[in-house]
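Below is one structure, written out as structure tokens; comments come after it.
Chains as they are written, first to last, in the numbering used here: chain F, 1 to 283; chain H, 1001 to 1184.
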């Protein structure tokens, strides 16, 4: 291993701040492309009008540096920390929290974090939800994801019977999306985590939402097929954009998988609204 | 949106009865933005036998909490939050005279029944287009509960805000009608 590389905590703060400012105002090119494609595919006239408004809003938000959605989310941050890195000048977590604090103040973003019991707002959208993974190398990969409450509320983890197999998983995910219906602002993106322990399935489902739209599952042919089948089922239901009726209820289904216990089959479904916001930087 | 009918608040029984699930509407006039915590307080106010902080007769409540207003602007980004969380409070407010709700997502059977009983309507607004929807807001005024921050009650003056009638006074439900009951 090479020498230890020092990264100033201030650079982490600045990067996290910049990423949240961008994510909340500029919809990613992959999402815009997926929305444009679905506008052509959508069979309902009202559904096409909804998609047109969604695209128009993205342009307005970008032009005005305004939040795409008033719900600028809980600040979720994934960190891949190279083990050759030493963070200088402060704690890594504190540097990330400060970046969130600054972005939400400067961007005039809604502070949507509160005490669960008193419901008193923390006032600065912290604490963030921070997932840290140690990786090889001497860099830090920071991925930020403002996650809205409406779609998060429609998400779940279920311990299925191991014997239900692929068909059981398919049915469960389709039923979950159908049950969520119009609540999470369709067209949605469905993140699915299969396997691992209970909590790992949830993190897999959330990470699945970070995969660029239009990119097929390249790691496992079986998952690629499963994604296509679930997407076709969901879009056959007729809910459509915002549930007003139509053929585009979901833009994509992304599945990630890990081995699990012989007694278990955890399946997590994390639903993402059409304002699928995430940004990444490597420092 | 195209082929829309323009209506103005406050709403009357006659106007509500003329609205049908699936109708595209341009909403004009005063509405009140209120969400979770504000509804809880409105319920507590009524339970204490006190008056509500605004006249709810004929009123439309918009389930919304905008992002902060930047200098030189009227309002920040604004759009509907998911409505089912206000289901426990909606029948009580309809009983007090509320005639319309704007939100997104399904309502409970109790709320749908109350809409028939009190001749009220539920409008679906498009979620996730909050920068665009802000352009339909011509003025904003704080009504109550400033301490709730983004959950305070606001009076908004709307001009041509596009909404769709989801539940009407006849018990119809656009979301249900849209679904094709195919086998999984």
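All C-beta atoms in this analysis are idealised placements derived from N, C-alpha and C, irrespective of residue type, glycine included.
As the structure is a prediction and not an experimental result, all values here were calculated from the model.
1) Apart from the five residues on each side of it in sequence, which residues of its chain come closer than 8 Å, Cβ to Cβ, to residue 42 of chain F?
2) Taking 8 Å as the CB-CB limit, is residue 1164 of chain H close to chain F?
3) At 7 Å on the CB atoms, spell out the chain F contacts of residue 1067 of chain H, in chain order.
4) Anything in chain F within Cβ reach of residue 1175 of chain H, meaning under 9 Å, just list it in chain order.
5) Report back the beta-carbon spacing between residue 68 of chain F and residue 24 of chain F to the nearest angstrom; my notes put them in contact at under 8 Å.
6) Would a C-beta distance cut-off of 8 Å place residue 87 of chain F and residue 133 of chain F closer than the cut-off?
7) Please name the residue in H/1063, H/1048, H/1047 and H/1169 whose C-alpha comes closest to that of residue 150 of chain F.
8) Can you find the residues in the same chain that come closer than 8 Å, C-beta to C-beta, to residue 1131 of chain H, ignoring five residues on each side of it along the sequence?
9) Could you name the residues of the same chain whose beta carbon sits closer than 7 Å to that of residue 273 of chain F, not counting the 5 residues immediately before and after it, in chain order?
10) Under 8 Å, do residue 15 of chain F and residue 281 of chain F count as touching if we go by C-beta distance?
11) Can you pull the chain H neighbours of residue 274 of chain F, defined as C-beta to C-beta under 7 Å?
12) In chain F, which residues lie less than 7 Å from residue 1132 of chain H when you measure between Cβ atoms?
13) By the three-class DSSP mapping on this structure, what secondary structure does residue 171 of chain F have?
14) Helix, strand or coil for residue 143 of chain F, going by three-state DSSP, please let me know.
15) Mind checking if residue 1082 of chain H is an interface residue toward chain F, Cβ cutoff 8 Å exclusive?
16) Under 8 Å, do residue 257 of chain F and residue 220 of chain F count as touching if we go by C-beta distance?
17) Would you say residue 260 of chain F and residue 165 of chain F are within 8 Å of each other, going by their C-beta atoms?
18) What separation, rounded to the nearest whole angstrom, lies between the Cα atoms of residue 175 of chain F and residue 227 of chain F?
19) Is residue 31 of chain F helix, strand or coil by DSSP?
20) How about residue 139 of chain F: is its C-beta nearer than 8 Å to some C-beta of chain H?
21) Listing by chain order, which chain F residues have their CB less than 8 Å from the CB of residue 1100 of chain H?
22) Using a C-beta cutoff of 8 Å, does residue 191 of chain F count as contacting chain H?
23) Is the shortest distance between the beta-carbon of residue 1179 of chain H and the beta-carbons of chain F less than 8 Å?
24) Rounded to a whole number of angstroms, what is the C-alpha to C-alpha distance between residue 91 of chain F and residue 1101 of chain H?
25) Just verifying my parser: in three-state terms, what is the DSSP assignment at residue 1183 of chain H?
26) Taking the alpha-carbon positions, what's the residue 232 of chain F to residue 34 of chain F distance?
27) Would you check if the segment 1087-1101 of chain H and the segment 1110-1130 of chain H touch, i.e. whether three or more CB-CB distances between them fall below 8 Å?
28) What residues of chain F sit near residue 1008 of chain H, judged by a beta carbon separation below 7 Å?
29) Measuring alpha carbon to alpha carbon, tell me which of F/144, F/190, F/213 and F/202 ends up nearest residue 286 of chain F.
30) Would you kindly work out how many angstroms separate the C-alpha atoms of residue 1086 of chain H and residue 1110 of chain H, rounded to a whole number?
31) Return yes when the Cβ of residue 1142 of chain H is within less than 8 Å of the Cβ of residue 1152 of chain H, no when it is not.
32) Near residue 1037 of chain H, what residues of its chain come up, given a Cβ to Cβ distance below 7 Å and the 5 sequence neighbours on each side ignored?
33) In angstroms with no decimal places, state the Cα-to-Cα distance between residue 1105 of chain H and residue 82 of chain F.
34) For residue 171 of chain F and residue 177 of chain F, I'd like the C-alpha separation in whole angstroms.
35) Tell me the residue span of the beta strand (DSSP E) that contains residue 1167 of chain H.
36) Could you name the residues of chain F that residue 1078 of chain H contacts, counting a contact when the two beta carbons are closer than 8 Å?
Straight from the coordinates:
1) Position 42 of the first chain, counted from the first residue, corresponds to residue 42 of chain F. Correct list, in chain order: 48, 51, 240, 241, 246, 247 and 248.
2) The count along the second chain starts at 1 and reaches residue 1164 of chain H at position 164. By this cut-off, residue 1164 of chain H is an interface position.
3) If you number the second chain from 1, residue 1067 of chain H lands on position 67. Those are 67, 70, 72, 108, 109 and 110, listed as they occur along chain F.
4) Taking the second chain and counting its residues from 1, the one referred to as residue 1175 of chain H is at position 175. Here the neighbours are 181, 182, 239, 243, 244 and 245.
5) The residue labelled residue 68 of chain F in the question sits at position 68 within the first chain. The residue labelled residue 24 of chain F in the question sits at position 24 within the first chain. Contact holds; Cβ gap of about 7 Å.
6) The residue you call residue 87 of chain F lines up with position 87 of the first chain. The residue you call residue 133 of chain F lines up with position 133 of the first chain. Contact flag unset, no.
7) Sequence index remark: in the first chain, residue 150 of chain F carries index 150 (1-based). The shortest C-alpha separation from residue 150 of chain F is found at H/1063.
8) The sequence position of residue 1131 of chain H within the second chain is 131, counting from 1. 1077, listed in sequence order.
9) Sequence index remark: in the first chain, residue 273 of chain F carries index 273 (1-based). Around residue 273 of chain F: 148, 150, 151, 184, 185 and 188.
10) Counting from 1 along the first chain, the entry for residue 15 of chain F is found at position 15. Counting from 1 along the first chain, the entry for residue 281 of chain F is found at position 281. Yes.
11) Within the first chain, residue 274 of chain F is the residue found at index 274, counting from 1. The contacting residues are 1128.
12) Here residue 1132 of chain H refers to the residue found at position 132 when the second chain is read from its first residue. Within 7 Å Cβ-Cβ: 53, 56, 57 and 60.
13) Working through the first chain from its first residue, we reach residue 171 of chain F at position 171. Reduced to three states, the DSSP call for residue 171 of chain F is helix.
14) As a working note, residue 143 of chain F is residue 143 in the first chain. Three-state result, residue 143 of chain F: strand.
15) Within the second chain, residue 1082 of chain H is the residue found at index 82, counting from 1. Chain F contact via Cβ: present.
16) On the first chain, position 257 is the one that residue 257 of chain F refers to. On the first chain, position 220 is the one that residue 220 of chain F refers to. A contact, by the Cβ cut-off of 8 Å.
17) Taking the first chain and counting its residues from 1, one reaches residue 260 of chain F at position 260. Taking the first chain and counting its residues from 1, one reaches residue 165 of chain F at position 165. Not a contact, by the Cβ cut-off of 8 Å.
18) By 1-based counting over the first chain, the position of residue 175 of chain F is 175. By 1-based counting over the first chain, the position of residue 227 of chain F is 227. Roughly 14 Å between the two C-alpha positions.
19) In the first chain, the residue the question calls residue 31 of chain F occupies position 31. In the structure shown, residue 31 of chain F sits in a helix (DSSP, three-state: H, G or I).
20) Here the question's residue 139 of chain F lines up with position 139 in the first chain. No, no contact with chain H.
21) Here residue 1100 of chain H corresponds to residue number 100 of the second chain, with the count starting at 1. Per Cβ cutoff of 8 Å: no residues; residue 1100 of chain H is ~18 Å from chain F at best.
22) Walking along the first chain from the start, residue 191 of chain F turns up at place 191. Taking Cβ atoms only, chain H never reaches closer than 8 Å to residue 191 of chain F, which makes this a no.
23) If you number the second chain from 1, residue 1179 of chain H lands on position 179. Chain F contact via Cβ: present.
24) As a first step, residue 91 of chain F is located in the first chain; it is residue number 91 there, counting from the start. As a first step, residue 1101 of chain H is located in the second chain; it is residue number 101 there, counting from the start. Approximately 46 Å between the Cα atoms of the pair.
25) Position 183 of the second chain, counted from the first residue, corresponds to residue 1183 of chain H. Low confidence applies to residue 1183 of chain H: its pLDDT is 47, below 50, so where it sits in the model is not reliable, and the reading given next is rough at best. Looking at residue 1183 of chain H - three-state DSSP - the assignment turns out to be coil, as it is neither helix nor strand.
26) Here residue 232 of chain F refers to the residue found at position 232 of the first chain. Here residue 34 of chain F refers to the residue found at position 34 of the first chain. Approximately 15 Å between the Cα atoms of the pair.
27) yes
28) Taking the first residue of the second chain as 1, we reach residue 1008 of chain H at position 8. Result: empty, since nearest Cβ-Cβ is about 22 Å, beyond 7 Å.
29) Since the first residue of chain F shown is 1 and the last is 283, residue 286 of chain F is not available in this structure.
30) Here the question's residue 1086 of chain H lines up with position 86 in the second chain. Here the question's residue 1110 of chain H lines up with position 110 in the second chain. The alpha-carbon atoms of residue 1086 of chain H and residue 1110 of chain H are separated by roughly 12 Å.
31) Position 152 of the second chain, counted from the first residue, corresponds to residue 1152 of chain H. Position 142 of the second chain, counted from the first residue, corresponds to residue 1142 of chain H. Yes, the pair counts as a contact, with Cβ atoms nearer than the cut-off.
32) The residue you call residue 1037 of chain H lines up with position 37 of the second chain. Here the set comprises 1148 and 1151.
33) Against the second chain, residue 1105 of chain H aligns to sequence position 105. Against the first chain, residue 82 of chain F aligns to sequence position 82. Using only the alpha carbons, I get a separation of about 43 Å.
34) As a working mapping, residue 171 of chain F is identified with position 171 in the first chain. As a working mapping, residue 177 of chain F is identified with position 177 in the first chain. Each residue's alpha carbon lies about 10 Å from the other.
35) Mapped onto the second chain, residue 1167 of chain H falls at position 167. Counting along the chain, the beta strand (DSSP E) containing residue 1167 of chain H begins and ends at 1153-1167.
36) Numbered from 1 along the second chain, position 78 holds the residue referred to as residue 1078 of chain H. Correct list: 70.
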